[in-house]
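Read through the structure below, which is laid out as structure tokens, and then see the notes.
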Amino acid sequence: MKRAALVFALTCLILLSGAAAAAVSGSPQLSVQFADDTVTPGEETTLDVVLLNEGDVDASSVTNPALTSEVTTARGVTVRVGDGDAPFEVTTGRQAVGNVPEGVSTPISFSVAVPADAEAGTYRVPVTVRYSYTDYISETSGTRTQSSVSRTFRVPVTVEDRARFEVVDVASDASVGSAGTATVTVENVGSATARATRLSLASGNPALTVEGGESASRFAGTVEPGERRNLSYEVAVADGAEAGEQALALRADYRDDTGRERTAGPTWFGLETAGPVRADLSLSESSVRAGAEGAVTGTVSVSGGQTARNAVVVVTSPPAGVVLAETRVPVGDLRPGDEAAFEIPVTVAPDARGGQRSMGLALEYDSGDGSADRRTAGSRVVSLPVTEADPVALRGVNATVLVDSDDRLEVAVENVGDQELREVEASLAPRPPFSSESPTAYVGRLGPGESKTVGFHLSVSEDAVESTQALPVNVTAETADGDRLHAGNHRVAVHVTQEGPTSSDPVILAIGVVVVAAVLGVGWYWLRD
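What follows is the structure in structure tokens.
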């Protein structure tokens, strides 16, 4: 009887041990930490959460290790980082992570905004982790049971005193297509001293170079909290770049009070760059005449974002049949909005035919990058009117007048052409100190080589001064073919004087003799009576 009971007990023990061996149980064991647990006042940064799963196995499978891994894997993991009593704001909400097997997870980033006045210290931040897992697996039947966990960890974060740099002012004379100097004012807005500080400026745009490359640095020494440094960097903006703000980044490398190497930044800011010089060149409403000297006059106006320094109006292609005395006319420094007049003396060949002539103009100015290179703007082709040789010549015959007087101006009109002119008419165009009540004189018919003298009334104001002035005279005529001819704007020299004719004038002398004789005759007759 005892022997049968012992056999039965051994049989049950074997069966129970086999059943136990046919089940796997366990759970994930998660812990939380930050990859970098320090933040600095005034910065916007990230706290990177790292999950460590060490796993806890109660019963494992010898024949199927994957079942053991299944019970230690956290599934459907979500993570949320709160503010707690820390003096900063976590701006990222709950994040889904997925499955976390045994080992270390990839970092999960949460954005953090730390106020500039955040008090230094160590704070415990709540990190809530939620997940589910399989806690039991039957190897014989495949039966599984699930569990869910929500756990909040208190993870330390240190707000530490550090130097922090901001760009508080920036000025530059750089412009598109040229180089300039960028002056950057940097302030240590942090709460710690930066020692052996080196400030680096880097371009965020391929069109903008710093000191001829992508970046350059300046040594700033020891910078106390609230202290500023003014640093200058040579920058250049490529042709074709967009005017406006160009992106730059400032980075500070320094040592803290403990001698530890630190880096602050990068801090991004914009550098304002001016647009290129834009020039508009135009000719005045004038023309030049064949066989005569004249001048091409015009104006140049400048716009854009920079000054055209040492600007010169350049004739890039001269007009046919016209000899230019100058092909380069300096107009000085022209700021945006400035306008300057220019004049180019010319001589036109006598046999030049009338019509329009093409002439190329451009504005040339210093490149502004410190080199001897020159740049051009406003290149254009303008039309220069050329009129045929003037068939009429004018000269003053009696062209001396007195100040504050009414005089007669006589002008000889000569046909110097090779065809007869009809209905010839000359008109004064007086301007102060001159005026005229009869400014037009009719000449009539003039044959080739023929000359006629016509007179005009001319008043001279009392404000006039002794001088020789050019008085404009316009001549119109009709050719033998019936074409109406405008013979151009002539000028006649008029001499203005303060004194009248002297006693040597025969007419005046004769009048004086007659007057004296008359007085003597009257006196003799009175005495005789």
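Residue numbers are given in the working numbering: position 209 of the sequence shown equals residue 802, and the series is strictly consecutive. Quick reminder that beta carbons are idealized off the backbone N, C-alpha and C, glycines included.
My output table needs one value for residue i: the three-state DSSP class, helix, strand or coil.
i, result
"Glu957", "strand"
"Ala659", "helix"
"Val782", "coil"
"Asp983", "coil"
"Asn1067", "strand"
"Gln899", "coil"
"Arg822", "strand"
"Pro1032", "coil"
"Glu807", "coil"
"Pro749", "strand"
"Ala772", "strand"
"Thr715", "strand"
"Asp766", "coil"
"Asp1000", "strand"
"Asp1056", "coil"
"Ser698", "coil"
"Ser704", "strand"
So, is residue i buried or exposed, given that buried needs 16 or more other C-beta atoms within 10 angstroms?
i, result
"Gln949", "exposed"
"Asp832", "exposed"
"Glu1055", "exposed"
"Asp1074", "exposed"
"Thr631", "exposed"
"Arg1024", "exposed"
"Gln1091", "exposed"
"Glu932", "exposed"
"Ser796", "buried"
"Gly891", "buried"
"Phe812", "exposed"
"Ser768", "buried"
"Ala659", "exposed"
"Ser740", "exposed"
"Ser1096", "Because the pLDDT of Ser1096 is 43, which lies under 50, any placement of that residue in the model is unreliable, and the number read from its coordinates should be weighed accordingly. Exposed, by the Cβ-count rule."
"Asn823", "exposed"
"Asn903", "exposed"
"His1083", "buried"
"Arg967", "exposed"
"Glu1059", "exposed"
"Ala918", "exposed"
"Gln1012", "exposed"
"Ala628", "exposed"
So, is the C-beta of residue i closer than 9 Å to a C-beta in chain B?
i, result
"Glu647", "Absence of chain B from the displayed structure is noted, only one protein chain being present."
If contacts are defined as beta-carbon pairs under 8 Å, then residue i and residue j qualify, I think. What distance do you get, rounded to the angstrom?
i, j, result
"Val1004", "Val994", "Val1004 to Val994, Cβ: 13 Å. No contact."
"Val683", "Val707", "At roughly 10 Å, the Cβ-Cβ gap does not stay under 8 Å, so Val683 and Val707 are not in contact."
"Gly770", "Val830", "7 Å"
"Ser1044", "Val1006", "7 Å"
"Val924", "Val893", "6 Å"
"Val625", "Val720", "5 Å"
"Val657", "Gln622", "Correcting the residue identity first, residue 657 is Asn in this sequence and not Val. With a Cβ gap of about 21 Å, Asn657 and Gln622 do not count as contacting."
"Arg871", "Ser896", "5 Å"
In terms of DSSP beta bridges, what is residue i paired with?
i, result
"Val1006", "Leu987 and Lys1045"
"Thr890", "Glu936"
"Pro978", "Gln949"
"Gly925", "Ala904"
"Ala787", "Val816"
"Gln839", "Leu864"
"Ser972", "Its beta-bridge partners do not exist; DSSP assigns none."
"Gln1062", "Val1087"
"Thr1072", "Leu1014"
"Ser740", "Tyr726"
* Quick one: which unbroken beta strand (DSSP E) runs of 3-plus residues sit fully inside the segment 607-695? Chain order, please. => Segments of the beta strand (DSSP E) lying fully in the segment 607-695: 616-620, 623-627, 637-646, 649-652, 667-674 and 688-693.
* Quick one: complete alpha helix (DSSP H) runs, 4+ long, within the segment 853-879? -> Whole alpha helix (DSSP H) segments, 4+ residues: zero.
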